[in-house]
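First to last, the protein sequences are chains A and B.
Read left to right, the first sequence gives residues 166 to 373 (our numbering).
Read left to right, the second sequence gives residues 166 to 373 (our numbering).
For glycine and all other residues, C-beta sits at the position ideal for the given N, C-alpha and C.
To start, the structure under review is shown below, and the notes come after it.
Protein chains: 2
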Amino acid sequence: NIPTVTINRLCIYHRCLEKIIEVEGKEESIFISSSKIAALTGINSAQIRKDLAYFGEFGKRGIGYPVINLVKELENILGLDRKWSVIIAGAGNLGKALVRYKGFQKRGFLIKGIFDKDPLKIGKKIGHISIYDVKELEKFIRDKNIDIGVLVVPAEFAQEVADKMVAGGIKAILNFAPLRLTLPPEVKIHNVDLSFEFEGLTYYLNLC
Amino acid sequence: NIPTVTINRLCIYHRCLEKIIEVEGKEESIFISSSKIAALTGINSAQIRKDLAYFGEFGKRGIGYPVINLVKELENILGLDRKWSVIIAGAGNLGKALVRYKGFQKRGFLIKGIFDKDPLKIGKKIGHISIYDVKELEKFIRDKNIDIGVLVVPAEFAQEVADKMVAGGIKAILNFAPLRLTLPPEVKIHNVDLSFEFEGLTYYLNLC
Ligand SMILES: NC(=O)c1ccc[n+]([C@@H]2O[C@H](COP(=O)([O-])OP(=O)(O)OC[C@H]3O[C@@H](n4cnc5c(N)ncnc54)[C@H](O)[C@@H]3O)[C@@H](O)[C@H]2O)c1
Ligand SMILES: NC(=O)c1ccc[n+]([C@@H]2O[C@H](COP(=O)([O-])OP(=O)(O)OC[C@H]3O[C@@H](n4cnc5c(N)ncnc54)[C@H](O)[C@@H]3O)[C@@H](O)[C@H]2O)c1
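Next up, the structure:
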């Protein structure tokens, strides 16, 4: 019963701490105060303490939170310390780029198969991962108990492919196609729009 | 001298209001309170009022903020109400997917050219945009006064291509290559890691 917005903030705290470890190294002795996290993330420190308190007592009064330990706790809460099985629907430009990107595997997201409707692509491989006929998507998800489906097909086919994922029992969908999908409430959805990545930049350009 | 974290929060408020307009329509008569924005974004309402107050008095006490008006104000502050010129370095899988995605143009990010070192790609087009030799990158940025460079080349070439962008006078870089670039302080950088898009999803999967 934790609010979604709290979970989204935990992801922000986790990334913030990861950046600290990148710079300072994996020192057991590094502590961070909620006011320092507040300065780095912009979320007010009382909110940070309240969010973390949902899950346990991680900090020591007067000293702060041990960075290495808190990262591990957050990874456990967010499910980032385990492996998730993923399929990619659409072996086009974006699909190919995602399959080859090592960042997913590093974070525990293992791509198990790619699906497409183009006969010229079916039967081929990208890296060591096979491209299957999208007709087999539902059965593959069920048989291999796939957790997450990534949707990188053209918008006009996205709903029909998403329906196949749902029929196979997918638990969550990462959607790149520019449309709002209609999904049953038990399937978690996250829509990606890369144009949002420009937003922080243009404020500063506006100042020049 | 507005803190970066305030700007990042403004982007969050902007997206939140956009979602409201998507659902409720562009009604002049819709108002929203800071506590409603707080419930939708997870940022505490006093922080929201403080952030917006940096830029002006947008709300009416007791009634809240007029949604349409506040979106326009935020777009003006964030530089989203004007056009920005963009080049893409790397005409590979990710580069091609970004060039063809209509979401960028819709938000005012106009791709002016693509650059690559592969002789088989130079001289071709993606959509109506030409692929140029990366050797011409610096001159193109200077002559056409390009604002933003998107870096979608393999990691081992990313720093050298970023240096060319900087030499041409680029103002900001959106980096997809998995490495930390060394850039002069006046060039704004934003690193994208799509594996972060999975993070909110796995919390819920962990509960199942
Ligand atoms: N959200 C973003 O920021 C963003 C950025 C870039 C692209 N996109 C979107 O991502 C999607 C993919 O883009 P792309 O550049 O890879 O396109 P693409 O045309 O290169 O690839 C699409 C692939 O989907 C396959 N396909 C078509 N119908 C199918 C079906 N019914 N079942 C299975 N496969 C099917 C095609 O055969 C092709 O291989 C598009 O919807 C595009 O708008 C989104
Ligand atoms: N951050 C993320 O979430 C994410 C996701 C997917 C891919 N990536 C990264 O994006 C980058 C591009 O991925 P891709 O799948 O498009 O790779 P790709 O191999 O398909 O494309 C790379 C392109 O860069 C060109 N190139 C190589 N050296 C160059 C140079 N010196 N100057 C100009 N062009 C040059 C190549 O000719 C090729 O066209 C990679 O670094 C990859 O790791 C990141």
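*Name the chain B residues that come within less than 7 Å of A/Cys176, Cβ to Cβ?*
Glu364, Gly365
_Just checking A/Leu182 against ligand 1 - is the residue's beta carbon closer than 8 Å to any of the ligand's heavy atoms?_
no
*Under a three-way DSSP split, which group does A/Tyr369 fall into?*
helix
_Shorter than 8 Å, the distance from the beta carbon of B/Arg265 to the closest heavy atom of ligand 1, or not?_
yes
_Is there a Cβ of chain C sitting closer than 9 Å to that of A/Val236, yes or no?_
Included in the structure are the protein chains A and B, with no chain C among them.
*How long is the line joining the alpha carbons of A/Tyr368 and B/Tyr178, rounded to whole angstroms?*
14 Å
*Please determine, among B/Leu175, B/Ile167, B/Cys373, the residue with the shortest C-alpha to C-alpha distance to B/Glu238.*
B/Leu175
_Less than 9 Å between the beta carbons of B/Glu303 and B/Ala332, yes or no?_
yes
*Quickly, what does DSSP pair A/Ala320 with across the bridge? List them, please.*
Bridge partners of A/Ala320: none, in fact.
*Measure from the alpha carbon of B/Ile311 to the alpha carbon of each residue in B/Leu182, B/Val317, B/Gly334, then state which is nearest.*
B/Gly334
*Any Cβ of chain A within less than 9 Å of the Cβ of B/Ala337?*
yes
*Cβ of B/Tyr219 within 9 Å of Cβ of B/Ile202?*
no
*asked:* Just verifying my parser: in three-state terms, what is the DSSP assignment at B/Phe274?
replied: strand
*asked:* If you reduce the DSSP assignment to three classes, tell me which class A/Leu339 lands in.
replied: strand
*Exposure of A/Ser295, with buried meaning 16 or more beta-carbon neighbours within 10 Å*: exposed
*asked:* Nearest by alpha-carbon distance to B/Leu273: which of B/Ala262, B/Arg214, B/Val357, B/Glu240 is it?
replied: The sequence as given places Gly at residue 273 of chain B; Leu does not occur at that position. Out of B/Ala262, B/Arg214, B/Val357, B/Glu240, B/Glu240 has the C-alpha closest to the C-alpha of B/Gly273.
*asked:* Tell me whether the segment 280-293 of chain B and the segment 255-267 of chain B touch, counting them as touching only if at least three CB pairs, one residue from each stretch, are closer than 8 Å.
replied: yes
*asked:* Measuring alpha carbon to alpha carbon, tell me which residue in B/Ser360, B/Asn371, B/Thr171, B/Leu372 is nearest B/Lys215.
replied: B/Thr171
*asked:* In the DSSP output, what is A/Gly257 paired with across the bridge?
replied: Note: A/Gly257 sits in no beta bridge, so no partner.
*With respect to the alpha helix (DSSP H) encompassing A/Ser198, which residues constitute its N-terminal and C-terminal limits?*
Unbroken run through A/Ser198: none, as it is neither H nor E.
*If you draw a straight line from the alpha carbon of B/Gly224 to that of B/Glu189, how long is it in whole angstroms?*
19 Å
*Return the first residue and the last residue of the alpha helix (DSSP H) that A/Asp298 is part of.*
Element bounds for A/Asp298: not the alpha helix (DSSP H) but the beta strand (DSSP E), 294-298.
*Selected residue, minimal CA-CA separation from A/Leu344, among A/Glu325, A/Val299, A/Ile276*: A/Glu325
*asked:* Taking 9 Å as the threshold (C-beta atoms), are A/Ala211 and B/Asn209 in contact?
replied: yes
*Determine which residues of the segment 307-324 of chain B have a Cβ less than 7 Å from any Cβ of chain A, and write them out in chain order.*
Asp312, Ile313
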